[in-house]
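Residue numbers (our numbering): 4 to 250. Input: a single structure, listed below in structure tokens.
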Ligand code: PGA
């Protein structure tokens, strides 16, 4: 660990503002930057803040390109629980980013390998991700890279763990409706980002954050690989930070 830049905040809202500062710095330096985006509850305060900043004229997304971490397998882009729809509703529909400049893995891809290769190629053609947003799952996943025996390199299909499906059940009518598989950027894709911002809020994430941050680097805790990334900023609220050193 130890070279991570750790910012502790009082509330998730404040975490959103501080994460927005990180994105704003990159956007100002490079108006056509490539941003890597995440779904889930944690990034919502960040997305609200980015929308507000563009509405106030402080940010301009018209030249930005974005690549999302993951998508459920089998969900159409307009499915209420698809990550494409989540991104439209919580960010893209409210900022000036051009639709053709936003990519999310295709949940309905028939040729999975071709879709995954094309996803990687698009990011590469854009020159790579300048700033990647991450959350962390209770099992240490980043994107949908679940604990396993080695670090999967590139965009690929994964089976979702029971823990992840249960954590995400809150968005679906029942556990049965939660997809059992997903497409996700790989650990290699994430590690290739020039800068990483991880947002973690809530007491329920304290233990896994400690393991990722202070434990051994192991694919059993996929987020632990970030200990080897040269530019990680961790933004966490006090509840998530309770086990971290310096508290
Ligand atoms: P959450 O998801 O922000 O909804 O807790 C994080 C994740 O699973 O990566």
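Built from N, CA and C at the ideal position, the CB exists for glycine as well.
Item	Value
Short check: CB of residue 144 to CB of residue 170, under 7 Å?	no
Evaluate contact between the stretch 45-60 and the stretch 9-25, counting only Cβ atoms and requiring at least three cross-stretch pairs below 8 Å.	yes
Closer than 6 Å to a non-hydrogen atom of ligand 1 - does that hold for the CB of residue 44?	yes
Does residue 39 come out as helix, strand or coil in the three-state DSSP assignment?	strand
Considering only their Cβ atoms, is the gap separating residue 243 from residue 203 smaller than 7 Å?	yes
From residue 117 to residue 156, what distance separates their C-alpha atoms?	16 Å
Please report the straight-line C-alpha distance between residue 241 and residue 14, rounded to a whole angstrom.	8 Å
Report the option in 89, 138 and 30 whose CA atom is closest to the CA atom of residue 65.	30
Taking the runs of the beta strand (DSSP E) that are 3 residues or longer, which of them lie wholly in the stretch 159-244?	159-162, 184-187, 199-203 and 235-240
Which same chain residues, not among the five before or five after residue 9, have their C-beta less than 6 Å away from its C-beta?	237
Assuming residue 33 contacts residue 186 (C-beta within less than 8 Å), just tell me the rounded distance between them.	That pair is no contact at about 27 Å.
What number of angstroms, rounded off, separates the C-alpha of residue 4 from the C-alpha of residue 194?	Any reading at residue 4 must be qualified, since the residue scores a pLDDT of 47, below 50, and its modelled position is unreliable; no value is offered.
Going by DSSP, what residues sit across from residue 74 in a beta bridge?	186
Quick one: does the C-beta of residue 189 sit closer than 6 Å to a heavy atom of ligand 1?	no
If you run the structure through DSSP and keep just helix, strand and coil, what is residue 20?	helix
What would DSSP say about residue 115, mapped onto helix, strand or coil?	helix
Going by other Cβ atoms of all chains shown within 10 Å of its Cβ, with 16 needed for buried, is residue 69 buried or exposed?	buried
Is the distance from the Cβ of residue 71 to the Cβ of residue 107 below 7 Å?	yes
Kindly list the residues whose CB is nearer than 7 Å to the CB of residue 19, restricted to its own chain and excluding five residues on each side of it in sequence; keep chain order.	48, 49, 51 and 52
With residue 134 as the anchor, note down where its beta strand (DSSP E) starts and where it stops.	134-137
What three-state label does DSSP hand residue 4 in the structure shown?	Residue placement at residue 4 cannot be trusted, given a pLDDT of 47 that sits under 50; the coordinates are not used to answer.
Could you compute how far the alpha carbon of residue 105 sits from the alpha carbon of residue 122?	11 Å
Helix, strand or coil: how does DSSP classify residue 106 here?	strand
Which residue marks the beginning of the alpha helix (DSSP H) containing residue 145, and which one marks its end?	Note, residue 145: premise wrong, no alpha helix (DSSP H); not H, not E.
From residue 7 to residue 233, what distance separates their C-alpha atoms?	8 Å
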